[in-house]
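Working notes, structure below.
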Amino acid sequence: MVLYTSPFPNSFLSVLHSFSWGLIFPCYWLADRLVGSFVPTTYEKRQRADDPCYFHALCIIITTPIYLALLVASLPFALIGFLLWSPLQSARRPYIYSRLKDKNHANGATLLTEWKAAGSGKSFCFGSANVCLLPDSLARFNNVFNTQARAKEIGRRIRNGASRPQIKIYIDSPTNTSISAASFSSLVSPQAGDNRTVNAGIKRTTSMEYKGDNCGSNNGEENREDKGGSGEPHEGEENTCIVRINGEENGHMSDTETDTINGQARASGPAEPSLEGDAEISKTPNHKQKEGDSGSLDSCSASRESLVKVRVGDGTVDQSTVNNKLLYKASIMKKTSVRKKKHTDETFDHEISAFFPANLDFLCLQEVFDKRAAEKLKEQLHHYFEYIVYDVGVYSCHGCCSFKFVNSGLLFASRYPVMDAAYHCYPNGRGMDSLASKGALFLKVQVGSTPQDQRIVGYISCTHLQAIAGDTTVRCEQLDMLQDWLSEFRKSTSSSSTANPEELVAFDVLCGDLNFDNCSSEDKLEQQHSLFTHYKDPCRVGPGEDKPWAIGTLLDPEGLYDEEVCTPDNLQKVLESEEGRKGYLVYPTSKNHSSSQKGRKASLKGNGRRIDYMLYTEEGLYLEWKVEVEEFSFITQLAGLTDHLPVAMRLMVSTGEDDP
């Protein structure tokens, strides 16, 4: 299948489209500004609290006539532009595929090495987020604003979080498994994807892992044995630093040993420099960084909350037992409580993380509706992701039943090459949703090859369903169409047969904003849909019941700028407590309770409305391989930038072979 790298088949149509949009844009921009001036956010209201009450009204009185006059003057040009623009949409392609040509700017892509399926397995990390990048006037109804600046900051935070080194520390001591947090600048920064190890004598054996990004794979000793690792990284793990520390009988280290470790770490590689543009000052309030704020991730030192996780066997070690002497001279971070938890009846790790996972492989975004914002976001993401599919959807009356003013809002970014892509528009949208070409994006990516030259591929699907509450029937119809399209895409892009498999399918993942949760009584039909018999939800026990550690992904818009939750660290702390979740998450609705949100939150079960999903299936994969969830994360790194919590899932594809 040919991937479309431009929106139109020839340059003449592209020039004509640019000309028509140039005639429309002034009218569009003025209307957006005019409406936006009447919809203030809570942040703007607080900023104006000290101003005289008449000041804002005076500004509105002065600017409104100016905007109206300019708007009326631009209408004839907009009408001419629209008459040119609308017919052109019949020739427009459903997406744009962008591949970074200069890989020197892709901090993550250059670290990839092709997976040869020769080891015990490989992990792949998937992320999904609704980023609310609508035209500014519409975004304000969700209490967010300054769409262009937010797009740039969202992209910057995502690529900074994903490109940070993944650091693992193993301590050899049965009596003392604690460790003080070490800064990134004092530890090795791997170059070109190679794994470096710092050793300090071996005497005792107990293992621990530290990930500087508060994410990534965090397997216990028993899991590493099951996966044939003996504490070693799986084939294909990039950007990983391993530090082995072997303590004395009492678990302490001398200052000489500490200096030796620090010296070896520094000698093995310099600290990773801050990424281009990180020092830029943002124009929006939620981008202000306090000292030690981890949201920006502008340097290789960690945030004021070091994210150290300790596990021995199936239990956890209280961070209060941290040995302050160990790596003390290398540490510039403060201690924190253990963030990552593993239930005894759970087979994978789960956490609320202030960072996007290290070595994020695939990213699916929703509500990237604004085209200028999409370009800014793409530019930032290309610092980490080599392949991006954006501007997905149809416009005008082409391809769907009703007129579409904006695209689907879907965006896909990958570190692996895209082989095939397809888009389908839901024809049954209602209300405001019918003005957008909401649909599903299907992708096939190549993640490696076998020694026999068989391609190793994966399937990823991203979607955004009907949003209006009560439209249960519409969403169920869309889920039916989604399943049919998934099956058609798999069949149309498969070049293998059972007798002669040219491709081995490693994973099949479905993610997106489904706009229903698993606990609301009004969403029972969606909860029982057949989609969940084919795809597994790591957060779900069954229809109407989530696992106790799963939390909602829909934030209460009114509280986005509260000091308690306006930074990633603060939002992480709040969501770790039940009371905090009740204060800042939207909770499931119920017909049996009053419309008061406060009363509803207090009386209903669950931990908030989880409407953003990461699903995977074991059907249709290579039979000799096994796929299992290694980690699931709810991410707070976009605090103050969107009203949704991003989610991430790391899958381990086990081949059943031993590492060479």
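The sequence shown finishes on residue 660 if you use the UniProt record's numbering, and the numbering steps up by one all the way, no holes. Using N, Cα and C, we set each Cβ at its ideal position, and we do this for glycine too.
Spatial distance of residue i from residue j (CA atoms)
| i | j | result |
| --- | --- | --- |
| Phe355 | Val565 | 15 Å |
| Ile154 | Leu641 | 7 Å |
| Thr472 | Ser530 | 15 Å |
| Ala618 | Gly121 | According to the sequence provided, residue 618 is Glu. The question's Ala does not apply to it. If I take the Cα positions, the gap works out to 16 Å. |
| Val447 | Ser492 | 19 Å |
| Phe8 | Ala413 | 21 Å |
| Gln637 | Gln148 | 18 Å |
| Arg92 | Pro26 | 22 Å |
| Leu651 | Ser123 | 5 Å |
| Thr450 | Tyr535 | 27 Å |
| Phe489 | Gly583 | 42 Å |
| Leu70 | Ser20 | 19 Å |
| Gln572 | Phe141 | 25 Å |
| Gln191 | Ser163 | Bear in mind that the predicted position of Gln191 carries a pLDDT of just 38, short of 50, making it unreliable; the figure below should be weighed with that in mind. The alpha-carbon atoms of Gln191 and Ser163 are separated by roughly 12 Å. |
| Leu75 | Val15 | 22 Å |
| Leu84 | Leu3 | 26 Å |
| Lys376 | Ala151 | 6 Å |
| Val647 | Gln527 | 19 Å |
| Leu575 | Phe634 | 10 Å |
| Asn130 | His644 | 6 Å |
| Lys438 | Asp513 | 11 Å |
| Met649 | Asp370 | 27 Å |
| Gly229 | Asp136 | Confidence at Gly229 is low in this model, with a pLDDT of 42, below 50, so its placement is unreliable and the value that follows should be read with caution. One C-alpha to the other measures close to 49 Å. |
| residue 670 | Pro568 | Missing from the structure shown is residue 670; the chain here goes from 1 to 660 and no further. |
| Ser396 | Gly620 | 37 Å |
| Ser494 | Asn160 | 35 Å |
| Leu585 | Leu555 | 4 Å |
| Cys53 | Ala440 | 47 Å |
| Thr64 | Tyr423 | 41 Å |
Best match in the options for proximity to residue i [C-alpha to C-alpha]
| i | options | result |
| --- | --- | --- |
| Leu435 | Lys404, His424, Arg455 | Lys404 |
| Pro501 | Ala373, Trp21, Gln454, Gly431 | Gln454 |
| Ala639 | Val653, Thr553, Gly439 | Thr553 |
| Thr463 | Cys425, Ser495, Val445 | Cys425 |
| Glu545 | Asp523, Pro557, Tyr561, Asp562 | Asp523 |
| Asn428 | Glu631, Ile551, Met481 | Met481 |
| Ala421 | Val389, Leu381, Ser633 | Val389 |
| Cys125 | Trp485, Ile460, Gln572, Leu575 | Ile460 |
| Val144 | Gly36, Gln483, Pro543 | Gly36 |
| Val457 | Val418, Glu488, Ala469 | Val418 |
| Gly81 | Ser18, Glu386, Gly470 | Ser18 |
| Tyr561 | Asn10, Leu3, Gln47, Gly22 | Gln47 |
| Ser11 | Val2, Leu88, Trp485, Ala73 | Leu88 |
| Tyr416 | Lys438, Trp115, Arg33, Cys53 | Trp115 |
| Ser90 | Gly393, Asp556, Ser577, Pro557 | Gly393 |
| Pro557 | Tyr43, Gly22, Ala57, Tyr387 | Tyr43 |
| Val72 | Leu30, Lys101, Leu381 | Leu30 |
Close Cβ partners of residue i (< 8 Å) along its chain, the five nearest in sequence each way excluded
| i | result |
| --- | --- |
| Thr5 | Ile96, Tyr97, Ser98, Arg99 |
| Ile61 | none |
| Leu133 | Ala139, Thr147, Arg150, Ala151, Ile154, Glu367, Val368, Phe369, Asp370, Ala373, Ala374, Leu377, Gly409 |
| Gln483 | Ser530, Leu531, His534 |
Chain-order list of residues whose beta-carbon lies under 6 Å from that of residue i (same chain, five-residue window excluded)
| i | result |
| --- | --- |
| Thr260 | Here the model assigns Thr260 a pLDDT of 47, short of 50, so the residue's position is not dependable, and the following value carries that caveat. Hits under 6 Å: none found. |
| residue 664 | Residue 664 is absent from the model: the chain starts at 1 and stops at 660. |
| residue 661 | A question about residue 661 goes unanswered here, because the residues of the chain that appear run from 1 up to 660. |
| His350 | Trp549, Phe632 |
| residue 664 | Because the chain in this structure spans residues 1 to 660, residue 664 falls outside the shown range and cannot be described. |
| Tyr622 | Leu504, Val505 |
| His398 | Gln89, Ser90 |
Residues near residue i by beta carbon distance below 7 Å, same chain, minus five either side
| i | result |
| --- | --- |
| Asn515 | Leu465, Gln466, Ala467, Arg475, Ile611 |
| Asp537 | Tyr613, Leu615 |
| Ile24 | Ala78, Gly81, Phe82, Trp85 |
| Gly409 | Gln366, Glu367, Val368, Phe369, Ala436, His464 |
| His56 | Arg48 |
Heavy atom of the ligand HEM within 7 Å of residue i beta-carbon
| i | result |
| --- | --- |
| Ser128 | Looking at this structure, you won't find the ligand HEM or any other ligand, since it has none at all. |
Test: residue i CB closer than 8 Å to a CB of chain B
| i | result |
| --- | --- |
| Arg157 | As a matter of chain content, chain B is missing from the structure shown, which is built from one protein chain. |
Worksheet item: Counting Cβ pairs closer than 8 Å, one from the segment 618-628 and one from the segment 502-513, do we hit at least three?
Response: yes
Fill in: Ranges of the beta strand (DSSP E) found wholly within the segment 88-161, counting only runs of at least 3
96-99, 121-133
Discussion item. Quick check for students: name the residue ranges of the beta strand (DSSP E) that lie wholly in the segment 405-475, counting only runs of 3 or more.
Written reply: 411-414, 418-425, 439-449, 455-464
Practice prompt. List in chain order: all unbroken alpha helix (DSSP H) runs of 4+ residues lying wholly within the segment 343-386.
Written response: 371-381
Item to complete: May I have a chain-ordered list of the alpha helix (DSSP H) segments no shorter than 4 residues that lie completely inside the segment 504-583?
Response: 524-527, 531-534, 568-575
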